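Count the sequence shown with mature numbering (1 follows the signal peptide of the UniProt record, and there is no 0) and you get residues -18 to -1, 1 to 480, in order.
Glycine residues also receive a C-beta, built at the ideal position from the N, C-alpha and C atoms.
None of the values given here were measured: they were computed from a predicted structure.
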Amino acid sequence: MDFITFLLVLSSILWTCAVYLTSKSSKTRKSARLPPGPNPWPIIGNILELGPKPHQSLAKLSRKHGPLMSLKLGSITTVVVSSPEFAKTILQTHDLACSSRSIPHAIEVLNHDKISMAWIPANSKWRKLRRICKEQMFSVSSLDASQGLRKEKLQKLHEYVSGCCKAGQALNIGEAAFTTTLNLMSATLFSVEFAQFGSDSLQEMKDVVWGVMKYVGMPNLADYFPILKRADPQGIFRQSKFYFERLLEIFDRIIDERLESRASGVSEEKKDMVEALLDFYQRDEISRDDINHLLLNLFVAGTDTTAGTVEWAMTELIRHPKKMSRIRDELRDIIGENGQLQESEISRLPYLHAVVKETFRLHPAAPFLVPHKAEADVEIDCYVVPKNAKILVNVWASGRDPNIWPDADLFMPERFLDHNEIDYRGNDFELIPFGAGRRICPGLPLAHRMVHLMLATLIRDFGWKLGNGQKAEELDMSEKFGLSLQKAIPLNLLPMKP
Ligand code: HEM
């Protein structure tokens, strides 16, 4: 039985309770002074209003009910925030009270929700894991130290595109970006290269990472009606477990090998994240489970988001060839005809940077961030966000709000040349694709470098056109909603000599 059919059956069986429950729920709403929102149906609440693209449906509902809106999703009170002002109130003013996570059932697999940094509450263990990540992986000095690694991976991307160019062969941009990101992540974390361009191992790895993202992001009845968790009516928990186990098995193998070589005293000098984590492990500061689940976090959170952003940027640029040429000119001015872009030179590329900002504005990889949860009742204006409410910050909606952005639906990087001061590092609440406050994405500094570097590699030496006589203005721009927002139809482009 599919999701919608199940809901309809459920709601008609329970319809007899409607009058009683409706009057009860409206009393509750009044007494708790919940933010305004659409009237909920008995039992199912507002679930049917979500549709296949909840970020769009909720943006539309917010236009009617306001930027602080409440809904009932099954039995879960949900507050949707759709303006920079209320995002600031939630993520800055009430940062601590709103910093827990609303846990999807699919995340409870193998206790991931109780161990992993992205899902545990912002407690002392969480602070320790964030500190380790920051110091060992994302600080300026560790990022500078791992530059060589990224150079190598970008060189491979360049060679792959050159090969396609010579052969007159189109390539799937999302997949090429995914391979590059995947290899960069696996090299930084484990000094291992998982994927070759176009190989089966790439397809397998992509399937596993996307499988996790898909089942964690999929609407799940058990999230709306926790009573259904044991029944797992859509099989999402089972599927999620399958993909989690496959990834954790890979990590386990790598850790076993490292521990064995440490024990035998023949360990070769490897400067990667696993080695750093094993040092903490051998000092009894973190457990083996902590390492496994942290690696899974970093891997899953970093790969699809980064690759998806590059694919959206290229999609917008193929529709705006003059803007693509402007980036190429800027790159050639800074780095010349030959040579590779140094990471320290990214800040000298204002137009490329504006293109990246504009891509984040229109196509945020996590349109609701990662759902937050209120730890206590939070008073905002004359309303209350009640304890345990799920909080969705709809950054997709504020990115397209015409009251904030003139010509909001148009791709106009130039707007950020005029307003260069607006950035996505969590201080300008109209543009927070990485979130803000204590839960802000820890991988931001790495993602920032990777997205700029990949775009520079794809654009400086190549011109691009659509295959099969397709016209840019007819390009399908539909989105596929999961934990990250992807392009529904992959972008295939033919590289040429510019
Ligand atoms: C374009 C790329 C990326 C985007 C748009 C992005 C976006 C986000 C967002 C919106 C959040 C949730 C913030 C919140 O809840 O308020 C997040 C959390 C997180 N991201 Fe990223 N991210 C990206 C890349 C990365 C990378 C490269 C890594 C690691 C290598 C990473 C690791 C994480 C982790 C571990 C969390 C959970 C943090 C916590 O809950 O404390 N992300 N990211």
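Cα-Cα separation, residue i to residue j
i, j, result
"G27", "K253", "52 Å"
"I471", "S460", "7 Å"
"R212", "H87", "10 Å"
"S5", "Y197", "For S5, the predicted model reports a pLDDT of 41, less than 50, meaning its position is unreliable; a value from the coordinates is still stated below. Taking the straight line from one Cα to the other gives about 35 Å."
"E134", "G417", "30 Å"
"S7", "K369", "Any reading at S7 needs caution, since the residue's pLDDT is 46, under 50, leaving its predicted position unreliable; the model's value is listed next. Approximately 17 Å, taken between the alpha carbons."
"L241", "A347", "36 Å"
"I102", "S82", "7 Å"
"S307", "N154", "21 Å"
"T439", "L313", "10 Å"
"S128", "M255", "11 Å"
"D443", "D315", "13 Å"
"H434", "C80", "32 Å"
"P388", "I97", "43 Å"
"L374", "P353", "5 Å"
"N376", "L448", "32 Å"
"A283", "G290", "12 Å"
"T170", "G56", "41 Å"
"S144", "V366", "57 Å"
"K42", "P427", "33 Å"
"A356", "H94", "20 Å"
"E293", "L473", "7 Å"
"D266", "A69", "38 Å"
"E412", "I386", "8 Å"
"C147", "S173", "30 Å"
"K190", "R220", "Checking the sequence shown, residue 190 turns out to be Val, not Lys. Distance between the alpha carbons of V190 and R220: 14 Å."
"V337", "I441", "12 Å"
"E67", "Q118", "34 Å"
"D458", "L344", "15 Å"
"P384", "R397", "13 Å"
"residue 483", "P20", "There is simply no residue 483 to check, as the chain begins at -18 and stops at 480 in what is shown."
"Y2", "I89", "Low per-residue confidence applies at Y2: pLDDT is 41, beneath 50, and the placement is therefore not dependable enough to give any value."
"L78", "A258", "29 Å"
"L63", "S52", "For the sequence presented, residue 63 should be read as Val rather than Leu. Whole-angstrom Cα-Cα distance: 9 Å."
"I328", "T297", "21 Å"
"L164", "T285", "6 Å"
"L476", "W446", "6 Å"
"L30", "Y263", "47 Å"
"F342", "G199", "19 Å"
Per-residue burial, residue i [other beta carbons within 10 Å of its own, 16 or more giving buried]
i, result
"Q324", "exposed"
"P332", "exposed"
"D359", "exposed"
"A454", "exposed"
"K9", "Residue confidence for K9 is low, a pLDDT of 43 falling below 50, so the modelled location carries little weight and cannot support an answer."
"G425", "buried"
"C115", "buried"
"M478", "exposed"
"D238", "exposed"
"C364", "exposed"
"E456", "exposed"
"K12", "Low confidence applies to K12: its pLDDT is 47, below 50, so where it sits in the model is not reliable, and the reading given next is rough at best. Classification of K12: exposed, given that the 10 Å Cβ count is below 16."
"V122", "exposed"
"L419", "This sequence places Gly at residue 419; Leu is not what is there. By the 10 Å Cβ count, G419 comes out buried."
"P480", "exposed"
"R113", "exposed"
"L32", "buried"
"A245", "exposed"
"K339", "buried"
"S269", "exposed"
"G150", "exposed"
"L299", "buried"
"residue 482", "For residue 482 there is no data in the structure shown, the boundaries of the chain being -18 and 480."
"R45", "exposed"
Q. Considering only residues of the stretch 9 to 74, which uninterrupted alpha helix (DSSP H) runs meet the minimum length of 4 residues and lie entirely inside it, listed in chain order?
A. Within the stretch 9 to 74, the complete alpha helix (DSSP H) runs of at least 4 residues are 36 to 47 and 66 to 70.
Q. Just the residues with CB closer than 5 Å to a heavy atom of the ligand HEM, in chain order, which are they?
A. Those residues are A100, N279, L280, A283, G284, T287, T288, T291, A347, A348, L351, V352, P415, F416, G417, R421, C423, G425, L428 and A429, given in chain order.
Q.
With three or more C-beta pairs closer than 8 Å as the rule, is the stretch 125 to 141 touching the stretch 152 to 167?
A. At 8 Å Cβ cutoff, the stretches touch.
(Q) Within 8 Å, do at least three Cβ pairs link the stretch 453 to 469 to the stretch 28 to 41? (A) These segments touch.
Q.
As an exercise, report each continuous alpha helix (DSSP H) stretch of at least 4 residues that is fully enclosed by the stretch 182 to 252, in chain order.
A. Taking only runs of at least 4 residues, the alpha helix (DSSP H) segments lying wholly in the stretch 182 to 252 are 182 to 199, 203 to 206 and 218 to 245.
(Q) Between the stretch 402 to 409 and the stretch 276 to 284, can you find at least three pairs of beta-carbon atoms closer than 8 Å? (A) With a cut-off of 8 Å on Cβ pairs, the stretch 276 to 284 is not in contact with the stretch 402 to 409, counting fewer than three such pairs.
Q.
Runs of 4 residues minimum, wholly inside the stretch 328 to 405: which ones carry the alpha helix (DSSP H) assignment?
A. With a minimum length of 4 residues, the unbroken runs of alpha helix (DSSP H) contained wholly in the stretch 328 to 405 fall at 332 to 344, 377 to 381 and 396 to 400.
Q: Starting from the N-terminal side, write out each stretch of the beta strand (DSSP E) that is 3 residues or longer and does not extend beyond the stretch 405 to 433.
A: With a minimum length of 3 residues, no continuous beta strand (DSSP E) run stays inside the stretch 405 to 433.
Q: Can you check the stretch 247 to 302 for any alpha helix (DSSP H) of at least 4 residues that lies completely inside it and give the ranges in chain order?
A: Within the stretch 247 to 302, the complete alpha helix (DSSP H) runs of at least 4 residues are 255 to 264 and 270 to 301.
(Q) Ignoring anything shorter than 4 residues, give me the alpha helix (DSSP H) runs that lie fully in the stretch 433 to 476, in order along the chain. (A) Within the stretch 433 to 476, complete alpha helix (DSSP H) segments of at least 4 residues are not found at all.
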